[in-house]
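*Asks:*
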Amino acid sequence: MIDADLADLVPLFVAEAHGRLEKLASLAPRLDEDAAAAAEVRRELHTLKGAGRMLRLVALAELCHAAETALQPPRAGVAQLAIRVVDSLSGMVEELAQGQTPAADPALLGALRDGLEEPRVPDQLAATPQVPAPAAATTTHSTLSELRLDPTTVDELADRATRMRLQTLAAGHQVGALHELARLAEQGVHEPQPRQVLAVMAATLRRMTMELESATSRQLHDAEAQVETLLGLQVQPLRPVLQALARHARELARSLGREVEITLAGEETQLDRRITRELEEALLHLVRNAVDHGIEAPDARERAGKPRVGKVRIEARPAGRHVRLAITDDGSGIDPVKIGEAAVAAGVVAASNLATMSRDAVLQLVFLPGLSTRREVSEVSGRGVGLDTVAAVAERVGGGATIAAGPGGGTTVTLEVPISRRGEEVLLVRAGRLRLALPAAAVWRVDRLERSAVVERDGQSFATVGGTLVPFLPLAQLLGEVPAATQLLLQGEMLGQPVRLSVDAVEGSEEVLVRPIARAAGVGPLLEGVALLASGQPIGVLSTKAMGPRERPLQPTVAPVRVSPRRLSVLLVDDSLVTREMERRLLEDAGFEVAAAGDAAEALAQLGERAFDCLVTDIEMPGMDGFELTRHIRAMPNLAQTPIVIVSTHDRPEDRLRGLEAGADAYITKQGLDATELSNTVRRLVGRP
Numbered sequence: 015m016i017d018a019d020l021a022d023l024v025p026l027f028v029a030e031a032h033g034r035l036e037k038l039a040s041l042a043p044r045l046d047e048d049a050a051a052a053a054e055v056r057r058e059l060h061t062l063k064g065a066g067r068m069l070r071l072v073a074l075a076e077l078c079h080a081a082e083t084a085l086q087p088p089r090a091g092v093a094q095l096a097i098r099v100v101d102s103l104s105g106m107v108e109e110l111a112q113g114q115t116p117a118a119d120p121a122l123l124g125a126l127r128d129g130l131e132e133p134r135v136p137d138q139l140a141a142t143p144q145v146p147a148p149a150a151a152t153t154t155h156s157t158l159s160e161l162r163l164d165p166t167t168v169d170e171l172a173d174r175a176t177r178m179r180l181q182t183l184a185a186g187h188q189v190g191a192l193h194e195l196a197r198l199a200e201q202g203v204h205e206p207q208p209r210q211v212l213a214v215m216a217a218t219l220r221r222m223t224m225e226l227e228s229a230t231s232r233q234l235h236d237a238e239a240q241v242e243t244l245l246g247l248q249v250q251p252l253r254p255v256l257q258a259l260a261r262h263a264r265e266l267a268r269s270l271g272r273e274v275e276i277t278l279a280g281e282e283t284q285l286d287r288r289i290t291r292e293l294e295e296a297l298l299h300l301v302r303n304a305v306d307h308g309i310e311a312p313d314a315r316e317r318a319g320k321p322r323v324g325k326v327r328i329e330a331r332p333a334g335r336h337v338r339l340a341i342t343d344d345g346s347g348i349d350p351v352k353i354g355e356a357a358v359a360a361g362v363v364a365a366s367n368l369a370t371m372s373r374d375a376v377l378q379l380v381f382l383p384g385l386s387t388r389r390e391v392s393e394v395s396g397r398g399v400g401l402d403t404v405a406a407v408a409e410r411v412g413g414g415a416t417i418a419a420g421p422g423g424g425t426t427v428t429l430e431v432p433i434s435r436r437g438e439e440v441l442l443v444r445a446g447r448l449r450l451a452l453p454a455a456a457v458w459r460v461d462r463l464e465r466s467a468v469v470e471r472d473g474q475s476f477a478t479v480g481g482t483l484v485p486f487l488p489l490a491q492l493l494g495e496v497p498a499a500t501q502l503l504l505q506g507e508m509l510g511q512p513v514r515l516s517v518d519a520v521e522g523s524e525e526v527l528v529r530p531i532a533r534a535a536g537v538g539p540l541l542e543g544v545a546l547l548a549s550g551q552p553i554g555v556l557s558t559k560a561m562g563p564r565e566r567p568l569q570p571t572v573a574p575v576r577v578s579p580r581r582l583s584v585l586l587v588d589d590s591l592v593t594r595e596m597e598r599r600l601l602e603d604a605g606f607e608v609a610a611a612g613d614a615a616e617a618l619a620q621l622g623e624r625a626f627d628c629l630v631t632d633i634e635m636p637g638m639d640g641f642e643l644t645r646h647i648r649a650m651p652n653l654a655q656t657p658i659v660i661v662s663t664h665d666r667p668e669d670r671l672r673g674l675e676a677g678a679d680a681y682i683t684k685q686g687l688d689a690t691e692l693s694n695t696v697r698r699l700v701g702r703p
């Protein structure tokens, strides 16, 4: 146990150790050949050893000392041993944080003292694997509980809070003035010249209106800045989480006698700490699945003509306002035929529907509760148990889960979740007598839809869009309402799922905070959550699953329009040379032919000379802005059908709505813009995959 006089130093040591271990974890894989990294590792271990000795943490200091010596100089095999050292030290620090006395791994100490011979898994352990919950499973949580504040940030928060308090007090004075106006109004009824009283009241109201407008603007600015700062504090890099998952995977592989190479990517990707905490168990489960059920035993891999060492990749990457977390293994994969058979046996899908479902759609069945808890699926695929829970966790935080598997093996499970629990822009739609909301980012295109143009076959609604018969979900019918004669067809994508549904009207947009609804509430999969509008009225928010048609046994009878194999052409309009060049590179790297214009006049000149498949434009430009350019193009008969994408730094709901009203087909913000989002948007609008 730690001496009583040193106990108050333990939290400080734990915080410091976490920071140093994060750095060590990033350096360790480079030690085989990087002398500079080796020197830095030695310095970090030396410092950690000294701090451990100050707290009389003998075992921890002993391990640091042994590693400090054994990991020099760089040579083959050092990196793997260094990774093992970092994992062990992380577990010891976690034990200390939980009030326990950390103990070093004798086998690891022996390996460090003897050289580079890493301890081997005992044969009896490999033969009968017992899979404990590694210490790494809890390391993430204690790391996420720490919040490091920059003193400057604290000062900014305090200053804004003070200003907001003073503004609230000033509003109190305005309330007093309103009471005085009410008193004057009561007296004016009995005054011989009430017109004079009304004139005084009108002048006072005009002055108060101007003061309130100014005060409201200042208070809103400070409140928005305060929210942004606080949300920024909630968002942290995923490095400690991914490193903890990697440690867990390595420990599990050793206990099972598996040879596994763990790769991390996107460690600096940021995610809300609260969302990360909720995802911890789901991510750990996916890692266990990849190592335990995905990666085969070394001998089995050799017989299959694969390397003895399996590979697991843990990756995080931003995707607009979302983060994608993917766990990939090169193991035996999943057999969709067996999954389909189990799904039919479980009653979650009809055999007639299964025959026409795509391979990808069949794979997604593993997330259904009626199938994923069944023993047959675990036996035929090595997965399934608990995947319904994984999907439920992702949905609870406003995201979703997908699975992909190659015909020759290998599996990737991806969780896509929002970066933070901040306000989300929603479209307010009406279906019959009901009013609902759906994420504005999910909708890229809106078309008028006459009831006479709708085809009903086998219970599925179809509409012709661009010469192709596409299925869609009639929201009014789903809700038991009578749809209007003329509707709007909303199309787009959300969390990797297509969005195609019809509504009676779009009544505007608003930024709201969506609160998830527990499935136990009995609302089924239709609603993702509920939100309060600015008026105080509650509104249901549609879930991703309720915004698009499920796969049906019916195949469209109208063949898709054929397109030529030429490269798609894009005209890029932006007055910033740097932005223009960056977006040009993103599009060219994605295979597009790109022409650029510095303003609207230059763009119109180029449009007069040749046709483009798509136009990508900024808003703020000298002369004609992006809104005006969009309206101008929509008014030109020969260009009216050209898809237009607005890419802007403006992310306010009113700006997005102005863009769509002007005639833009999509609106993307520049913050966090990546090649995938931009290129996928252009391809979908043009109609080429």
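So in the numbering used here the end of the sequence shown lands on 703, straight run, no missing numbers. Don't be surprised by glycine CBs; every beta carbon is placed ideally from N, CA and C.
#1: Hey, out of THR478, ALA477 and MET508, whose CA is closest to TRP458's CA?
#2: Among GLY324, ARG56, ALA365 and ALA610, which one has its Cα closest to the Cα of GLY345?
#3: If you run the structure through DSSP and keep just helix, strand and coil, what is GLY414?
#4: At the level of alpha carbons, what is the spacing between GLN501 and GLY494?
#5: Between the C-alpha atoms of ALA117 and THR243, what's the straight-line distance to the nearest angstrom?
#6: Pop quiz: ILE417 and VAL427 are said to be a contact at Cβ under 8 Å. What is the actual Cβ separation, rounded to whole angstroms?
#7: So, under 8 Å CB-CB, VAL587 and VAL696 are touching, yes? Tell me the CB distance rounded to an integer number of Å.
#8: Kindly give me the distance between the Cβ atoms of LEU256 and ASP306, rounded to whole angstroms, as I take these residues to be in contact under 8 Å.
#9: In this structure, does DSSP put ILE433 in helix, strand or coil?
#10: Compare the Cα-Cα distances from VAL661 to each of THR593, LEU527 and GLU439 and report the closest residue.
#11: Among SER104, GLY673 and VAL468, which one has its Cα closest to the Cα of HIS664?
#12: Tell me which residue opens and which closes the beta strand (DSSP E) that VAL661 is part of.
#13: Using C-beta distances below 8 Å, list every residue in its chain close to LEU544, excluding the 5 sequence neighbours before and after it, in chain order.
#14: Just the C-alpha distance for PHE626 and THR656, rounded to the nearest angstrom, thanks.
#15: What's the call for THR230, buried or exposed, on a 16-neighbour Cβ count within 10 Å?
#16: If you drop the 5 nearest sequence neighbours on each side, which residues of the same chain put their C-beta closer than 8 Å to that of GLU521?
#17: What residue ranges within the stretch 319–391 form continuous beta strand (DSSP E) runs of no fewer than 3 residues, ordered along the chain?
#18: Of all the options LEU487, LEU546 and ALA199, which has the alpha carbon lying nearest to the alpha carbon of LEU540?
#19: I'd like the span of the beta strand (DSSP E) that includes ALA680, first residue to last.
#20: Between GLU316, ARG291, LEU270 and ILE341, which lies nearest to VAL301 when the distance is taken from Cα to Cα?
#21: Taking Cβ positions, are LEU252 and ALA330 nearer each other than 7 Å?
#22: Would you kindly work out how many angstroms separate the C-alpha atoms of LEU103 and VAL241, rounded to a whole number?
#23: With a CB to CB cut of under 6 Å and the five nearest residues on each side skipped, what residues in its chain are close to MET499?
#24: Going by beta carbon distance, what residues of the same chain come within less than 6 Å of MET106, once the five residues before and after it are set aside?
#25: Given that a residue counts as buried once 16 or more other Cβ atoms are within 10 Å of its Cβ, and exposed if not, what is MET224?
#26: Would ASP632 and GLY612 qualify as a contact pair, given that the criterion is a beta-carbon distance under 7 Å?
#27: Have a look at VAL337 and GLY413 and give me their C-alpha separation to the nearest angstrom.
#28: Do VAL326 and ALA360 come within 7 Å of each other at the CB atom, strictly closer than that value?
#29: Assuming ALA609 is part of the beta strand (DSSP E), what are its boundary residues?
#30: In three-state DSSP terms, what is GLN491?
#31: PHE486 by DSSP, collapsed to three states: which one?
#32: Pick helix, strand or coil for LEU582, following the three-state DSSP scheme.
#33: Hey, quick one: how far does the beta strand (DSSP E) through PRO453 stretch, first residue to last?
#34: Can you give the Cα-Cα distance for LEU503 and LEU489, rounded to whole angstroms?
#35: Are at least three pairs of beta-carbons, each pair with one atom in the stretch 189–198 and one in the stretch 215–223, less than 8 Å apart?
#36: Under a three-way DSSP split, which group does MET650 fall into?
*Replies:* In short, the structure shows the following:
#1: Counted from its first residue, the sequence shown places residue 458 at position 444. Of the candidates THR478, ALA477 and MET508, the one whose C-alpha sits nearest the C-alpha of TRP458 is MET508.
#2: Taking the first residue of the sequence shown as position 1, residue 345 is located at position 331. Closest in alpha carbon position to GLY345, among GLY324, ARG56, ALA365 and ALA610, is GLY324.
#3: Translated into the one-based positions of the sequence shown, residue 414 becomes position 400. GLY414: strand per DSSP, three-state reduction.
#4: Within the sequence shown, the letter at position 487 stands for residue 501. Within the sequence shown, the letter at position 480 stands for residue 494. Each residue's alpha carbon lies about 16 Å from the other.
#5: The residue given as residue 117 occupies position 103 in the sequence shown. The residue given as residue 243 occupies position 229 in the sequence shown. Each residue's alpha carbon lies about 41 Å from the other.
#6: Counted from its first residue, the sequence shown places residue 417 at position 403. Counted from its first residue, the sequence shown places residue 427 at position 413. So it is a contact: roughly 5 Å between Cβ atoms.
#7: Numbered from 1 along the sequence shown, position 573 holds the residue referred to as residue 587. Numbered from 1 along the sequence shown, position 682 holds the residue referred to as residue 696. No, VAL587 and VAL696 are not in contact; Cβ-Cβ is about 14 Å, not under 8 Å.
#8: Translated into positions along the sequence shown, residue 256 becomes position 242. Translated into positions along the sequence shown, residue 306 becomes position 292. Incorrect: roughly 19 Å between the Cβ atoms, too far for contact.
#9: Sequence index remark: in the sequence shown, residue 433 carries index 419 (1-based). Here ILE433 sits in coil by DSSP.
#10: Position 647 of the sequence shown, counted from the start, is the residue given in the question as residue 661. Of the candidates THR593, LEU527 and GLU439, the one whose C-alpha sits nearest the C-alpha of VAL661 is THR593.
#11: Mapped onto the sequence shown, residue 664 falls at position 650. When only C-alpha atoms are compared, the closest one is GLY673.
#12: Counting from one through the sequence shown, the residue named residue 661 turns up at place 647. Element bounds for VAL661: 658–662.
#13: Position 530 of the sequence shown holds residue 544. Note on identity: in this sequence residue 544 is Val, with Leu being the wrong assignment. Around VAL544: VAL528, ARG529, ILE531, PRO552, ILE553, GLY554 and VAL555.
#14: If you number the sequence shown from 1, residue 626 lands on position 612. If you number the sequence shown from 1, residue 656 lands on position 642. Taking the straight line joining both Cα atoms gives about 8 Å.
#15: Taking the first residue of the sequence shown as 1, we reach residue 230 at position 216. Label assigned to THR230: exposed.
#16: Taking the first residue of the sequence shown as position 1, residue 521 is located at position 507. Hits under 8 Å: LEU442, VAL443, ARG444 and ARG449.
#17: 324–333 and 336–343
#18: Counting from 1 along the sequence shown, the entry for residue 540 is found at position 526. Nearest to LEU540 by C-alpha distance, out of LEU487, LEU546 and ALA199, is LEU487.
#19: By one-based count along the sequence shown, residue 680 stands at place 666. Segment 680–683, the beta strand (DSSP E) holding ALA680.
#20: Residue numbering aside, residue 301 sits at position 287 when the sequence shown is read from its first letter. Cα-wise, what sits closest to VAL301 is ILE341.
#21: Position 238 of the sequence shown, counted from the start, is the residue given in the question as residue 252. Position 316 of the sequence shown, counted from the start, is the residue given in the question as residue 330. Taking 7 Å as the Cβ cut-off, LEU252 and ALA330 qualify as a contacting pair.
#22: As a working mapping, residue 103 is identified with position 89 in the sequence shown. As a working mapping, residue 241 is identified with position 227 in the sequence shown. Those two C-alpha atoms are separated by around 37 Å.
#23: Walking along the sequence shown from the start, residue 499 turns up at place 485. According to the sequence provided, residue 499 is Ala. The question's Met does not apply to it. So the qualifying residues of the chain are ARG465.
#24: As a working mapping, residue 106 is identified with position 92 in the sequence shown. So the qualifying residues of the chain are LEU74 and PRO116.
#25: Here residue 224 is taken as the residue at index 210 of the sequence shown, counted from 1. Under this definition MET224 is an exposed residue.
#26: Your numbering for residue 632 matches position 618 in the sequence shown. Your numbering for residue 612 matches position 598 in the sequence shown. It is not a contact, given that the beta carbons lie outside the stated cut-off.
#27: For this step, residue 337 is matched to residue 323 along the sequence shown. For this step, residue 413 is matched to residue 399 along the sequence shown. VAL337 and GLY413: Cα-Cα distance of roughly 9 Å.
#28: Position 346 of the sequence shown, counting from 1, holds the residue named residue 360. Position 312 of the sequence shown, counting from 1, holds the residue named residue 326. No, the pair does not count as a contact, with Cβ atoms beyond the cut-off.
#29: Taking the first residue of the sequence shown as position 1, residue 609 is located at position 595. Where ALA609 is concerned, the enclosing beta strand (DSSP E) stretches over 607–611.
#30: As a working mapping, residue 491 is identified with position 477 in the sequence shown. Correct three-state label for GLN491: helix.
#31: Sequence index remark: in the sequence shown, residue 486 carries index 472 (1-based). Here PHE486 sits in strand by DSSP.
#32: The residue given as residue 582 occupies position 568 in the sequence shown. Three-state DSSP puts LEU582 in coil, outside helix and strand.
#33: Taking the first residue of the sequence shown as 1, we reach residue 453 at position 439. Segment 448–453, the beta strand (DSSP E) holding PRO453.
#34: Taking the sequence shown and counting its residues from 1, one reaches residue 503 at position 489. Taking the sequence shown and counting its residues from 1, one reaches residue 489 at position 475. Separation of LEU503 and LEU489 (C-alpha to C-alpha, rounded to the nearest whole angstrom) is 10 Å.
#35: yes
#36: Your numbering for residue 650 matches position 636 in the sequence shown. Residue state, collapsed to three classes: coil.
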